[in-house]
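J.: Quick one: this structure, given as structure tokens, is what I'll be asking you about.
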Amino acid sequence: MFYIQFTQKVCSRTFVDEAGQMSLTHVMTISRAAKNIILLGDPQQLEQPKKGAHPEGADISALEHILDGQQTMPEDKGLFLGTTWRLHPAITEFTSTLYYEGRLKSRDGLDIQKLDGDSPFIGSGLIHVPIDHYGNQSQSKEEVSAIANIVNHLIHSDITWTDRDGTVKPLRNEDILIIAPYNAQVSALQEALSGFSIGTVDKFQGQEAPVVIYSMTSSSSEDAPRGMNFLCNPNRMNVATSRAKCISILVSSPRLFEVECNTIEQMRWANGICLYKEIARIVDINSL
């Protein structure tokens, strides 16, 4: 999932990696030392970190400027590399529909990636585990407890996973990524679980695992620190769910899907989690 943009055909080349996170201002600055610039990146994933206040539009990334509101690179402006070497097609369908105008496809053979065993989590694709809680903002002990149960079940139930080469392997600690939007929830998860990779969305961009568990944490959009524009941000949701090779498990309060939208942008934010819920299999934590 990358974009490549060619500015002019000359011999001397400068490559800008993660150009979806580098501001147009910075790219224009380094362009003075280059005859040809090649931008690589994905503006549908995490934006560049922002510090301080900037005039409107000053912090836009170079790729966002070129895309001009479109999700994928137009053919007359660059190349869209529309093949994922990670995602099972069931996850790709969600990711492609929501973030890449339906243009993203799985590499042939990724459909064999799956979990097997005596578990409601076997197979591939999207799974939702609803957990009732109220008043939680940046930390949810209910979701921490649920994720601990899920992880213990996955590790101690003789579950195997099949990789893209057809090799069957036992599911281990290192095969599970646990993600949360807030540092407070990450700390709570790390205290409850040892030997697992646990972090915020920002930590895991570029990483992958057979199983990814995403703890949404907040009880509702009204409880979410920084509001739904952070918790339901399409770029963050894209990164969190697209780390998974086999299954993506979303753990959340059902009330998060009861979003009251007052603007088109809020409807776009809510669309991601609502589409996930519509497509996903529901697993009752009490069935484990």
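Per this note's numbering, numbering of the sequence shown is gapless, rising by one per residue and ending at 597. C-beta: ideal position from N, C-alpha, C; glycine also. Since we're looking at a predicted model, the values are computed, not measured.
#1: Under 8 Å between the Cβ atoms of Pro-490 and Thr-509?
#2: Can the beta-carbon of Tyr-585 be found closer than 8 Å to that of Leu-559?
#3: Could you pull out every unbroken alpha helix (DSSP H) segment of at least 4 residues lying fully inside the stretch 470-535, listed in chain order?
#4: Determine, using beta carbons only, whether Phe-505 and Ile-485 come nearer to each other than 8 Å.
#5: If I measure Cβ to Cβ from Leu-376 and keep anything under 7 Å in the same chain, skipping five residues before and after, which residues do I get?
#6: State buried or exposed for Gln-330, treating a residue as buried only when at least 16 other CB atoms are found within 10 Å of its CB.
#7: Mind checking who Gly-432 pairs with in its DSSP beta bridge?
#8: Bridge partners of Ser-561, per DSSP?
#9: According to DSSP, which residues form a beta bridge with Arg-590?
#10: Quick one: give me the first and last residue of the alpha helix (DSSP H) that Arg-412 is part of.
#11: I'd like the list of long-range same chain contacts for Ala-533, defined as Cβ closer than 6 Å, with 5 residues on each side in sequence excluded.
#12: Do you know how far the Cα of Val-336 is from the Cα of Ile-591?
#13: What is the residue span of the alpha helix (DSSP H) that Phe-545 lies within?
#14: What are the boundary residues of the alpha helix (DSSP H) that Ser-454 is part of?
#15: Rank Lys-554, Asn-544 and Asp-593 by C-alpha distance to the C-alpha of Tyr-409 and give the top, closest one.
#16: Could you spell out where the alpha helix (DSSP H) holding Phe-539 opens and where it closes?
#17: Can you have a look at Trp-470 and say buried or exposed, based on whether 16 or more other CB atoms are within 10 angstroms of its CB?
#18: Buried or exposed for Tyr-523, please, with buried defined as at least 16 other CB atoms from any protein chain shown within 10 angstroms of its CB.
#19: Could you tell me the alpha carbon to alpha carbon distance between Gly-361 and Thr-550, rounded to whole angstroms?
#20: Helix, strand or coil: which one does DSSP assign to Cys-570?
#21: To the nearest whole angstrom, what separates the beta carbons of Ala-412 and Trp-394, a pair I think is in contact under 8 Å?
#22: Should Gln-317 be labelled buried (16 or more other beta-carbon atoms within 10 Å of its own) or exposed?
#23: Return the bridge partner residues of Ala-553 from the DSSP annotation.
#24: Pop quiz: Gly-426 and Ser-466 are said to be a contact at Cβ under 8 Å. What is the actual Cβ separation, rounded to whole angstroms?
#25: Are there 16 or more other CB atoms within 10 angstroms of the CB of Asn-461, so buried, or fewer, so exposed?
#26: Would you call Gln-448 buried or exposed, if buried means 16 or more other Cβ atoms sit within 10 Å of its Cβ?
#27: Using the C-alpha atoms, what's the distance from Asn-547 back to Gly-434?
#28: What separation, rounded to the nearest whole angstrom, lies between the Cα atoms of His-363 and Ala-371?
#29: In terms of residues, what are the limits of the alpha helix (DSSP H) holding His-335?
#30: Helix, strand or coil: how does DSSP classify Ser-447 here?
#31: Given a cut-off of 8 Å on the beta-carbon distance, is the pair Met-537 and Val-568 in contact?
T.: In brief:
#1: Position 181 of the sequence shown holds residue 490. Position 200 of the sequence shown holds residue 509. For Pro-490 and Thr-509, yes; Cβs fall inside 8 Å.
#2: Counting from 1 along the sequence shown, the entry for residue 585 is found at position 276. Counting from 1 along the sequence shown, the entry for residue 559 is found at position 250. Contact: yes.
#3: 492-501 and 510-513
#4: Residue numbering aside, residue 505 sits at position 196 when the sequence shown is read from its first letter. Residue numbering aside, residue 485 sits at position 176 when the sequence shown is read from its first letter. Yes, these two residues count as a Cβ contact at 8 Å.
#5: The residue given as residue 376 occupies position 67 in the sequence shown. Here the set comprises Pro-352 and Met-382.
#6: Looking up residue 330 in the sequence shown gives position 21. It is buried - the Cβ of Gln-330 has at least 16 other Cβ atoms within 10 Å.
#7: Indexing the sequence shown from 1 puts residue 432 at position 123. Answer is Leu-424.
#8: The residue you call residue 561 lines up with position 252 of the sequence shown. Partner(s): Pro-439.
#9: For the purposes of this step, residue 590 is taken as residue 281 along the sequence shown, with counting starting at 1. DSSP output for Arg-590 lists Ile-436 as bridge partner(s).
#10: Residue mapping note: residue 412 aligns to position 103 of the sequence shown, counting from 1. Run containing Arg-412: none; DSSP gives neither H nor E here.
#11: By 1-based counting over the sequence shown, the position of residue 533 is 224. So the qualifying residues of the chain are Ser-527 and Leu-540.
#12: Translated into the one-based positions of the sequence shown, residue 591 becomes position 282. Translated into the one-based positions of the sequence shown, residue 336 becomes position 27. Going by the C-alpha atoms only, they are around 45 Å apart.
#13: Within the sequence shown, numbered from 1, the residue matching residue 545 stands at position 236. It is worth fixing the name first, because residue 545 is Arg in this sequence and not Phe. It spans 543-550 - the alpha helix (DSSP H) in which Arg-545 sits, taken as one unbroken run.
#14: Taking the sequence shown and counting its residues from 1, the one referred to as residue 454 is at position 145. That run of the alpha helix (DSSP H) goes 450-464.
#15: What you label residue 409 is simply residue 100 of the sequence shown in a count that begins at 1. Closest option to Tyr-409, Cα to Cα, is Asn-544.
#16: In the sequence shown, the residue the question calls residue 539 occupies position 230. Segment 537-540, the alpha helix (DSSP H) holding Phe-539.
#17: Taking the sequence shown and counting its residues from 1, one reaches residue 470 at position 161. Trp-470 should be labelled buried.
#18: Here residue 523 corresponds to residue number 214 of the sequence shown, with the count starting at 1. Buried, by the Cβ-count rule.
#19: Looking up residue 361 in the sequence shown gives position 52. Looking up residue 550 in the sequence shown gives position 241. Note that Gly-361 scores a pLDDT of 49, beneath 50, so its modelled location is shaky and nothing firm can be said.
#20: Translated into the one-based positions of the sequence shown, residue 570 becomes position 261. Reduced to three states, the DSSP call for Cys-570 is coil.
#21: One-based indexing of the sequence shown puts residue 412 at position 103. One-based indexing of the sequence shown puts residue 394 at position 85. The identity of residue 412 in the sequence shown is Arg, whereas the question assumes Ala. Not confirmed; about 16 Å, so no contact.
#22: As a first step, residue 317 must be located in the sequence shown, where it is residue number 8. With a pLDDT of only 48 at Gln-317, under the threshold of 50, the placement of this residue in the model should not be trusted; the figure read from the coordinates follows. Answer is exposed; the Cβ neighbour count stays below 16.
#23: Position 244 of the sequence shown, counting from 1, holds the residue named residue 553. In the DSSP output, where bridge partners are listed per residue, Ala-553 has Ala-518.
#24: For this step, residue 426 is matched to residue 117 along the sequence shown. For this step, residue 466 is matched to residue 157 along the sequence shown. Going by Cβ atoms, the distance from Gly-426 to Ser-466 rounds to 6 Å, so yes, they are a contact pair.
#25: Locating residue 461 in the sequence shown gives position 152, where the first residue counts as 1. When all chains shown are included, Asn-461 counts as exposed.
#26: The count along the sequence shown starts at 1 and reaches residue 448 at position 139. The residue is buried, with at least 16 neighbouring Cβ atoms inside 10 Å.
#27: As a working mapping, residue 434 is identified with position 125 in the sequence shown. As a working mapping, residue 547 is identified with position 238 in the sequence shown. Each residue's alpha carbon lies about 14 Å from the other.
#28: Taking the sequence shown and counting its residues from 1, one reaches residue 363 at position 54. Taking the sequence shown and counting its residues from 1, one reaches residue 371 at position 62. Confidence is the limiting factor: at His-363 the pLDDT is only 48, short of 50, which leaves the residue's position unreliable and the question unanswerable from this model.
#29: For the purposes of this step, residue 335 is taken as the residue at position 26 of the sequence shown. Element bounds for His-335: 333-339.
#30: Along the sequence shown, one-based indexing puts residue 447 at 138. If DSSP states are grouped into helix, strand and coil, Ser-447 belongs with coil.
#31: Here residue 537 refers to the residue found at position 228 of the sequence shown. Here residue 568 refers to the residue found at position 259 of the sequence shown. Contact flag set, yes.
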